[in-house]
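Novice: In this note's numbering, the protein residues as written are 426 to 535.
No residue lacks a Cβ here, since even glycine has one placed at the ideal position from N, Cα and C.
Remember, it's a predicted structure, so these values are computed and weren't measured experimentally.
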């Protein structure tokens with residue numbers, strides 16, 4: 426998917442996820458303010474709020490009114506678990522496709 430096809434809030438979500446995954450954002454780290462993120466990504470504050478809401482729903486950050494948003498203790502583990510699940514799904518799909526290909530090739534050899 427090209428960058429143009431990604432909604433602005435999704436770009437922020439993905440960037441924060443990547444920073445957590447690579448260790449640039451660790452548990453307890455305070456995220457920049459909504460205004461700072463809006464300036465950084467050249468988006469409206471509402472777009473940043475939508476991204477933060479999605480990150481909260483995913484359990485990657487928590488917010489305190491007046492204090493800001495912070496990376497959760499389990500954020501890194503959540504991302505690793507999601508990555509492991511995605512890899513397992515891909516492995517299952519590859520195995521299924523390989524089995525189908527074997528059946529097709531055997532049918533052509535008859």
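Taking only the alpha-carbon atoms, compute the straight-line gap between residue 519 and residue 488 and give it to the nearest angstrom.
Specialist: A direct Cα-to-Cα measurement between residue 519 and residue 488 gives close to 40 Å.
Novice: Tell me whether the region 477 to 495 and the region 442 to 457 touch, counting them as touching only if at least three CB pairs, one residue from each stretch, are closer than 8 Å.
Specialist: Enough Cβ pairs lie closer than 8 Å, so yes.
Novice: In this structure, does DSSP put residue 519 in helix, strand or coil?
Specialist: helix
Novice: So the candidates are 449, 445, 475, 485; which of them puts its Cα closest to the Cα of residue 433?
Specialist: 475
Novice: Just mark residue 426 as buried or exposed, buried being the case when its beta carbon has 16 or more other beta carbons within 10 Å.
Specialist: Here the model assigns residue 426 a pLDDT of 43, short of 50, so the residue's position is not dependable, and the following value carries that caveat. Exposed.
Novice: If you run the structure through DSSP and keep just helix, strand and coil, what is residue 532?
Specialist: helix
Novice: If you compare alpha carbons, which of 462, 479, 469, 470 is closest to residue 435?
Specialist: The alpha carbon of residue 435 has as its nearest neighbour, out of 462, 479, 469, 470, the alpha carbon of 479.
Novice: State the CB to CB distance for the pair residue 466 and residue 437, rounded to an integer number of angstroms; the pair is presumed to be in contact (CB under 8 Å).
Specialist: 6 Å
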